[in-house]
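> Residue numbers (this note's numbering), protein chains in the order written: chain A, 1118 to 1756; chain B, 110 to 611; chain C, 623 to 1141; chain D, 4 to 104. Here you go, one structure.
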Amino acid sequence: MEKYLYIALFAPLVSSLFSALFTATPKKLFTGIVASLLIFTSFIASTILLVHILKGGEPIHVTMMTWMATGDLYIPFGFVVDQISVTMMMVVTLVSTVVHVYSIGYMDHDKGFNRFFSWLSAFVFSMMILVMSDNYAGLFIGWEGVGLCSWGLIGFWFHKESATWAANEAFIMNRIADLGMLIGLFLIYWNTGTLQYDGAFTAFHELPAATLTWIGIFLFIGAMGKSAQFPLHTWLADAMEGPTPVSALIHAATMVTAGVYLVIRSHELYSLIPHVGLFIASLGTFVAIFAASMALVNRDMKRIIAYSTLSQLGYMFAAAGLGAYWVALFHLMAHAGFKALLFLGAGNVMHAMHDELDPFKMGGLKKVMKWTWIMMVIGSLALAGVIPFAGFFSKDTILEAAYSGNHMVIYGVLLFTAGLTAFYSFRLVALIFHGEERYKLFGIHPHEAYRFMLWAMSPLLLIAIGAGVLQTPFFDMVEEALNAHEYHIAHGTALIMLVGTQMFVGLAILYAYKKYANSRVTVPDGTSKMENSFMYKLLINQYYIPYAYEEYFVKPYRELSEVFWTKVDLKIVDATVDGIAAIIYGTGEKTRKMQSGNLSTMLTWMVAGLIGLLLLAVVFGLAARYSDEILVFLSALGV
Amino acid sequence: MLAPINISMESLNVMTLAPMLIPVIGALLILVIDVFKGGLHKSLYVTLSLLFLAMDFFSLLDASGVFAKNGTVLGMFDVMLIDGLALLAQFIIVIASMLFIPLALTHKRFHEFSYPEFFALFLFMISGFQFMVATDNIILVFVGLETSSLALYTLIAMHNRDKSFEAAVKYFTMGALAAGLFSFGAMIFYALTGSVEINKIALVLAANGYADIGYVLVGIAFMLAAFAFKLSLIPFHTWAPDVYEGSSAPMAGYMSIVPKIAAFVVAMRFFEFLVHSDIVWLKIVLYAFVVITMTVSNMWALVQTDVKRMLAYSSISHAGFVMGAILIGTTQANSALFLYWVLFAFTNLGAFSMLWISRQKNLPAYQMSDHSYDKFAGMIKTAPVAALIMGLFMLSLAGVPPFALFWGKLYLISSAVTSGYTVLAFIMALNSAIAGYYYLKLVVYMFMKEPVMGNDGNMYGANATLALKTIIGIAAIGTIFAFVAINPLLEFITAFVYNSGY
Amino acid sequence: MLDHILSILIFFPALAAVFGFMIQKESMRVYGVAVAAIEFALSLWLWYAFDDNVSGMQFMEHLPLVPSFGINYTLGVDGISLFIIILSAFFTLLGIGSLTDTKKVKYMIITLLFLQMTMAGVFAALDAIVFYTFWELSLVPMLYIIGAWGGPLRIYASIKFFLYTFAGSLVMLVGMLFMAYFYYQATGVWSFALLDWYRLILPESFQLWLFVAFFIGFAIKVPMFPFHTWLPYAHGQAPTIGSVILAAILLKMGTYAFVRFSLPLFPDASAFFMIPIAILAVIMVIYTAMVAYAQKDMKQVVAYSSISHMGIIILGTFALNVEGISGSIFLMLGHGVVAGALFLLVGVIYDRRHTKMMSEFGGLAHVMPRYATIFGIMMMASVGLPLTINFVGEFLSLLGFYQQSHILTLLAGTGIIVGAIYMLAAYKKAFFGEVTNEKNKNLPDINKKELFGLIPLVIVAIWLGIYPKPVLDPINNSVKSIVQLMHNKSTTELAKKRIPNLVKPKVVVIDKTIIEEVH
Amino acid sequence: MEIGLNHYLVLSTILFAIGLVGVMRRKNLLLLFFATEILLNAVNVAFAAISHYYGDLTGQMFAFFVIAIAASEVAVGLGLLIVWYKRHGSIDLDALTTMKG
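Here you go:
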């Protein structure tokens, strides 16, 4: 089995390196094909491993080699395939296979075709390290690795100022969180003596609650950055500057869920500190509604989906925070499927619309892009949690978990958010595919995507439709590993909840259709009453948070840097050094006139020196002679 | 009828006088030769001088053999005193002189060297220095001092330029004042103790417990002023830069070494017992002299535009630095003084010789003075070997290891550290850093600037002859490979200093 | 030959440099590369022959120099110095090999070979005076390189570099003399031998003063805030090769000296000064990173980033535990490789455009993709991405210091953020966007000679990031013995507390006090 | 009034002081040399007196040497002075300032 582990892990690396060979050359179709095949290989290997685990096989644990070892610290490159990681591996490899194949079509005309596949496969490799590592340091490698690839892929079109800016923003924001994670690692090491999961988890039970709390908080700070939780969320929306497949793979399905994975992976820690868990759940809930609210009014197709991702991540954290780790993981899995589907669908639309992102400028695309429409609708249904699509099962269980844990506020907010989700999802669908063909005003001739791209999306479609059936086998698989248990709510209550939720969601969908799927929708020009309302402005400006960051962090930092350089470094620190030198030199320059060259002066200096010495001698001589008297005198003075 | 005086030759211990007599004889011989046949070439006189200096050297070797076996030797009615200090100082004097005299064999003609009197005076001067260091008797010190000084004034003046005369007059006048101060100081000590021999003065003073401390201090003040003049301690230094500038480069180099070591030895004899008798005043005054001299002269050296004048100030600074050894007064410090001076002799003579071989008869328009910094600009391009060697001497003077002077500094600072002069040690160290700037300035000019227009580099060797090159080669080798010689030198010096009771 | 391999390593390049004067100008480059290659091969041989399991000194050489004053020519390497020696030979080879056409190339190569002598000497010396000799001597070739081949302010920069470090090291020399004197007082014998000094236990009050004296010398060399201002000038004015060697090796002398001298000689003082020095280090990390962000000149960015990284090294060193010190030594290597490569990279563009102003560039990734790739890799190594060489060092350094102070580590850890900010900003300015400047439209991509210098560095940067074990193991062994020595020597409670005892039976001790501090 | 040692010493000191003032104030080179002679002769007076006081000949010997040295100093000094006069036609001190700084 180890063989498959290594194949699953290293096939993406090989793929990346292979594609990297051709980065400097023009587009080579075969790089895309080879890369896709290798990622597919990885997927197959993961599947074999999954089967092994499903059959009840022992988790596979290998230690490849030592990475760092000094003092008491020992960090190997160790990998583990257990129920949790194999789930993640499946998600990662499946979505990436789809995205790779899809990208062959999507990146068809791009100059950086080969480079794209190199980065993309490198990302998969990093992600595999992240999920497969058997220790926190290895996880951190993957953690930073996906950050790097995310940077490279967001800034893939590096000629665009906005793209590179967003890439840097994403990297730096993540770094802020990574510091928290790093501190968490240090705390773990100095308190448990190891960074291996199993060793650390065992030791956690011995640790005082305060320490555990700190560890939990710092690790979660790391998770907040990667999963774009408030207040580190701004980068995710900006990250939509990257190519759409990237958004699908990285900023929807895999990388952003790494934070959730971290919490799930550390469930032994978080289950010991429920108060931190509650905080996580609360923050997650807050982010769920916070992001959903921003999605309501946004006019950028990809950003809307990005906010919905953010919102769904909030759901996951809510679940994980409440101890429903398996639910979180399941939602993660389902979400990966339908959200990637949505993104790729959006990619099709963008392709068709020549990179137009404003759904108000589209409309009526249903006719030209039938398949895309179907997929987007199913994806949206799944997202909205309509029975029997994937989202229903996962999201509903989250609600159940909140309800059964008596966290009524969380439950209520999440429920409300589900309605918002349904609304904005179908607002998008309605704007894009229904109503007038507003795109004609802009002279665009849309066309359906390549057939193979649509085929490539089909596995995701399947997940979006049928992931629900996986719930029970999944539960069985992770039951032991995640300490999972079903949530039992009285049958009647459950039924009321189910129906109520569905009704609520259904109403939201209908409202969205009513409002946006008609011919009166026009391209907003900033004059309508709604656009000038306070709430709209607040939401469209993302609560002014990016603005605040720019004003209160970025600008002061830049100005302070400037001050440090021009004022402190040059004017104080360096000037002090030069000043000392200048004083020495200046003294020489000023006093050199002493050497006037006039013999009389020179002789006078000599005599003056002599007289000075004599004076000193007299003073000292007298002092020595009358030392007793002086002492008496001084003591009389009280010295 | 006076009783016949019976003195056995053995009790005279003529051996003690031999090293001084040899140069005197040589000088007389040169004069006699000139009487019989004038107009002989300078090479003859150079060789003769070298020969006599070599004989002088061997007689010193002989004397040091005796010293190593029997300890301190007195001779000539106990006037002559051959101890370790005397021998070490004479070694330095003679070796430095031997390195100096071939520098007369320049390519260009400088007329002082065509006079045999120059060489005669030179030899007289050497014997004067030797008398100074090899006696305990203040009268003889005074005589030696004046003999050498008067000869030196004349030698400077013989360079026969306006500036040399000016320098000679200045030096002479101030020297006369210093002589007055010295004799007055000697008079006070004679009045206090009835003796003119340093060890007796010390004994008498110690016996009456420094009863007249006030007068002693006045006496010391006069003596100190006289020595400070000779050692060019601030504010008695004013002659030094002018005289160095006015005299020829090798003469300046010579002056920075030989008269000073002689003065140092006398100062050591004179002040050591005072320092050790806990005269706080002296310690404070010496401390002030040391610190002020090395710091202030460093500052002045920074602002010079002429290399020779810069080296003059740097020599003042070095003298101040070494004066620290007298202040500290331990065996290690006194040994460090000699070690430092030996190494300084090589390096400084080398540096001045480098100036000497680049000496022009007529100054081109872009040059303000004989050895302005501009002259050396871009030297690495036009005369790389010369530039490297000059740079080497500069680095050595700055105290960059492993070149010669570093070891001197190391040992001297160490002696300060060992005897508790912590602050002094740091001041010494920091002064070395300040000094680094002006030595570096020359290196910068040589290595990092472009040559001035019209400078084709020929002048750097304009004055070079085989003899000059040899001397520079010896100095350079001595400077680079000093680290090999440090151990034997140190053992030798320490043994001599220790056995002389210092 | 192995008995004298260190001497050969030191003096072979010097001798070759002297012979180099005889060689005709056009052939000099080949000669230089050959000599440097032999030197590098020798250093690799040294590694090959090095016994990883020995924690003490190996290949010791001993020759009395001034025995009456206790100065001996004593050499030896352990895990700490071994790799820096190899790195110096490596960089000399790369530097000469990738040397661009410059005036007086012959003198440049001779100077570089002399420099290699001094570098090998510093790291191999086990006698304080020999160490000091090479330490000072290394200033001279660098002075010449900056002063003769540098930019418009080169003379100011070179003199500042020389005098500043010279002044600092003279203070250090006084400290050394004190140390020797204390040894003399204790044993009656003069000795400057480091291994002798290691055996000397000084009272705390002496340690404090001596520590300060040594500190001034080392801190200026490192350079630590606020003694750092010579470095931007030196880097800004130096030619590429000068900056490369300066950043890669010469700065490491300071940090190496901390490990070699300050820690084992003054364990109590090290523990005492740990927090103040760590504060300085944190200031270095954050403050210089911010200053780097404000720079307009690409090379100045790298120069200030060096200072920032040196802060982490200092922090690791003063963690006083095995993890931190090993990490700081590894980071010395890592930073050497990365900073050296970055300076080489800046040199590449400078050769093409004769400017280093970032505003002149933009969109270089379009015209010079290979260059952009290598720059990108090195930039990522510089910001400490895992699986690159810098991460290992930074991680261990910070990890080590975390045991001593949480809050300071947290602050120093912001280095990974601010480091990313200035690096990414600089990269964005220079490489991303459209090519706006007409002059940049036809720049040739990186050429073979430049690749010769850069590819090995890329390989090393990644290889040691993935598999640091062959280097980390010997370092670890030697560091362990130093930490144990420090623990045994320490006399104060504070030092005993801060310096771990490695001999105690290995059990996971949960230190309650750590948790208290977190609150 | 009996003339004692102290009187001689005071005389000597006064003479010496006069010499010092002369050294500082004189601008004529020749007169400057006279001032230095006064210095030395002031010392001679004291040496002779002390020598007599102690009944020891050393002091007088010293005085003789001082006289001899003073004589040779004058010889050298006048030599220099004559050359200078020949070259510049003046023996004013203030003209001797080509080197300074």
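Cβ coordinates follow ideal geometry from the N, Cα and C atoms, glycine included.
What number of angstroms, rounded off, separates the C-alpha of residue 421(B) from the C-alpha of residue 555(B)?
Numbered from 1 along the second sequence, position 312 holds the residue referred to as residue 421(B). Numbered from 1 along the second sequence, position 446 holds the residue referred to as residue 555(B). C-alpha separation (whole angstroms): 19 Å.
> Check each residue of the segment 54–68 of chain D: if its Cβ is closer than 7 Å to any Cβ of chain B, include it; give the result in chain order.
Answer in chain order: 57, 59, 61, 62, 64, 65, 68.
> My understanding is that residue 831(C) touches residue 887(C), with C-beta atoms under 8 Å, so please give their C-beta distance in whole angstroms.
Your numbering for residue 831(C) matches position 209 in the third sequence. Your numbering for residue 887(C) matches position 265 in the third sequence. About 12 Å separates the two Cβ atoms, so there is no contact after all.
> Return no unless some Cβ of chain B is closer than 8 Å to the Cβ of residue 803(C).
If you number the third sequence from 1, residue 803(C) lands on position 181. Closer than 8 Å: yes.
> Who pairs with residue 801(C) in a beta bridge, going by DSSP?
Residue 801(C) sits at position 179 when you count from the first residue of the third sequence. In the DSSP output, where bridge partners are listed per residue, residue 801(C) has none listed.
> Ignoring anything shorter than 4 residues or poking outside the segment 855–927 of chain C, list the alpha helix (DSSP H) runs there in chain order.
Qualifying alpha helix (DSSP H) stretches, in chain order: 862–867, 873–879, 889–916.
> Who pairs with residue 749(C) in a beta bridge, going by DSSP?
The residue given as residue 749(C) occupies position 127 in the third sequence. According to DSSP, residue 749(C) bridges with 815(C).
> Reducing DSSP to helix, strand and coil, say where residue 1134(C) ends up.
As a working note, residue 1134(C) is residue 512 in the third sequence. Any reading at residue 1134(C) must be qualified, since the residue scores a pLDDT of 45, below 50, and its modelled position is unreliable; no value is offered.
> Using a Cβ-Cβ cut-off of 8 Å, state whether residue 1732(A) counts as contacting chain D.
By 1-based counting over the first sequence, the position of residue 1732(A) is 615. Taking Cβ atoms only, chain D never reaches closer than 8 Å to residue 1732(A), which makes this a no.
> Closest to residue 663(C) by CA distance: which of 1089(C), 709(C), 970(C), 674(C) is it?
Position 41 of the third sequence, counted from the start, is the residue given in the question as residue 663(C). The residue with the shortest Cα to Cα distance from residue 663(C) is 709(C).
> Taking the alpha-carbon positions, what's the residue 87(D) to residue 94(D) distance?
Locating residue 87(D) in the fourth sequence gives position 84, counting from the first residue. Locating residue 94(D) in the fourth sequence gives position 91, counting from the first residue. For residue 87(D) and residue 94(D), the distance between alpha carbons rounds to 7 Å.
> Kindly say whether residue 84(D), judged by its beta-carbon, lies nearer than 8 Å to any beta-carbon of chain A.
Your numbering for residue 84(D) matches position 81 in the fourth sequence. By this cut-off, residue 84(D) is not an interface position.
> Compute the beta-carbon to beta-carbon distance between residue 214(B) and residue 151(B), rounded to the nearest angstrom, for a pair I have assumed lies under 8 Å.
One-based indexing of the second sequence puts residue 214(B) at position 105. One-based indexing of the second sequence puts residue 151(B) at position 42. Going by Cβ atoms, the distance from residue 214(B) to residue 151(B) rounds to 7 Å, so yes, they are a contact pair.
> Since residue 93(D) meets chain B, which of its residues come closer than 7 Å, beta carbon to beta carbon?
Walking along the fourth sequence from the start, residue 93(D) turns up at place 90. Correct list: empty, because the minimum Cβ distance to chain B is about 12 Å.
> May I ask you to list, following chain order, the residues of the segment 1274–1291 of chain A that have a beta carbon less than 7 Å from some beta carbon of chain C?
Of all residues in the segment 1274–1291 of chain A, 1275, 1276, 1278, 1281, 1285, 1288, 1289 have a Cβ within less than 7 Å of some Cβ in chain C.
> Enumerate, from N- to C-terminal direction, the unbroken alpha helix (DSSP H) stretches of 4 or more residues contained entirely within the segment 695–726 of chain C.
DSSP runs (the alpha helix (DSSP H)) wholly in the segment 695–726 of chain C: 701–719.
> Which term fits residue 1572(A), buried or exposed, when burial requires 16 or more other beta carbons within 10 angstroms of its beta carbon?
The residue given as residue 1572(A) occupies position 455 in the first sequence. It is exposed - the Cβ of residue 1572(A) has fewer than 16 other Cβ atoms within 10 Å.
> Closer than 9 Å by beta-carbon distance: list the chain A residues that pair up with residue 323(B), in chain order.
In the second sequence, residue 323(B) corresponds to position 214, counting from 1. Within chain A, the residues near residue 323(B) are 1734, 1735, 1737, 1738, 1739, 1741, 1742.
> In angstroms with no decimal places, state the Cα-to-Cα distance between residue 121(B) and residue 141(B).
Residue 121(B) sits at position 12 when you count from the first residue of the second sequence. Residue 141(B) sits at position 32 when you count from the first residue of the second sequence. Roughly 28 Å separates the two Cα atoms.
> So, for residue 1182(A): in the same chain, excluding its five sequence neighbours on each side, which residues have a beta-carbon less than 8 Å away from its beta-carbon?
Numbered from 1 along the first sequence, position 65 holds the residue referred to as residue 1182(A). Around residue 1182(A): 1193, 1194.
> If you run the structure through DSSP and keep just helix, strand and coil, what is residue 1177(A)?
Walking along the first sequence from the start, residue 1177(A) turns up at place 60. Residue state, collapsed to three classes: strand.
> Any beta carbon from chain B within less than 8 Å of residue 90(D)'s own beta carbon?
Within the fourth sequence, the letter at position 87 stands for residue 90(D). Cβ-Cβ to chain B under 8 Å: yes for residue 90(D).
> So within the segment 342–416 of chain B, which uninterrupted beta strand (DSSP E) runs reach at least 3 residues, ignoring any that extend past its ends?
Within the segment 342–416 of chain B, no complete beta strand (DSSP E) run reaches 3 residues.
> Could you tell me the distance, in whole angstroms, from the CA atom of residue 78(D) to the CA atom of residue 609(B)?
Mapped onto the fourth sequence, residue 78(D) falls at position 75. Mapped onto the second sequence, residue 609(B) falls at position 500. Answer to the nearest angstrom: the Cα atoms are 38 Å apart.
> I want to see whether chain B comes within less than 8 Å of residue 776(C), judged by CB atoms only; does it?
In the third sequence, the residue the question calls residue 776(C) occupies position 154. Yes, residue 776(C) lies at the interface with chain B (some Cβ there is under 8 Å from its Cβ).
> Around the Cβ of residue 1513(A), are there at least 16 other Cβ atoms within 10 angstroms (buried) or fewer (exposed)?
Translated into the one-based positions of the first sequence, residue 1513(A) becomes position 396. Classification for residue 1513(A): buried.
> Of the residues 513(B), 548(B), 443(B), 411(B), which one's Cα is nearest the Cα of residue 1705(A)?
The sequence position of residue 1705(A) within the first sequence is 588, counting from 1. The candidate whose alpha carbon is nearest that of residue 1705(A) is 411(B).
> On the premise that residue 203(B) lies in contact with residue 125(B), defined as a C-beta separation below 8 Å, what is that separation, rounded to the nearest angstrom?
As a first step, residue 125(B) must be located in the second sequence, where it is residue number 16. As a first step, residue 203(B) must be located in the second sequence, where it is residue number 94. Not quite, the Cβ-Cβ distance comes to about 16 Å (not below 8 Å), so this is no contact.
> How many whole angstroms separate the CB atoms of residue 1294(A) and residue 1343(A), which I take to be in contact at a CB cut-off of 8 Å?
In the first sequence, counting from the first residue as 1, residue 1294(A) sits at position 177. In the first sequence, counting from the first residue as 1, residue 1343(A) sits at position 226. The Cβ separation is near 6 Å, so the contact holds.
> Could you spell out where the beta strand (DSSP E) holding residue 1195(A) opens and where it closes?
Start at 1 with the first residue of the first sequence, and residue 1195(A) comes out as number 78. Unbroken beta strand (DSSP E) run through residue 1195(A): 1190–1198.
> So does residue 242(B) have its beta carbon nearer than 7 Å to some heavy atom of the ligand GDP?
Absence of the ligand GDP from the depicted structure is noted, as is the absence of any ligand whatsoever, leaving it without description.
> Which runs of the alpha helix (DSSP H) at least 4 residues long sit entirely within the segment 1605–1668 of chain A? Give them in chain order.
Entirely contained in the segment 1605–1668 of chain A, the alpha helix (DSSP H) runs reaching 4 residues are, in chain order, 1608–1633, 1651–1657, 1662–1666.
> Does any residue of chain D bring its CB to less than 8 Å from the CB of residue 144(B)?
Position 35 of the second sequence, counted from the start, is the residue given in the question as residue 144(B). By this cut-off, residue 144(B) is not an interface position.
> Return yes when the Cβ of residue 1202(A) is within less than 8 Å of the Cβ of residue 1132(A), no when it is not.
Locating residue 1132(A) in the first sequence gives position 15, counting from the first residue. Locating residue 1202(A) in the first sequence gives position 85, counting from the first residue. Against a cut-off of 8 Å, the Cβ pair of residue 1202(A) and residue 1132(A) comes out as no contact.
> Within its chain, find whatever has a CB closer than 6 Å to the CB of residue 161(B); leave out the 5 residues flanking it on each side and keep chain order.
Reading the second sequence from its first residue, position 52 is the one you call residue 161(B). Here the set comprises 131, 132, 135.
> Report the rounded CA-to-CA distance for residue 1347(A) versus residue 1438(A), giving the unit in angstroms.
Residue 1347(A) sits at position 230 when you count from the first residue of the first sequence. Residue 1438(A) sits at position 321 when you count from the first residue of the first sequence. For residue 1347(A) and residue 1438(A), the distance between alpha carbons rounds to 15 Å.
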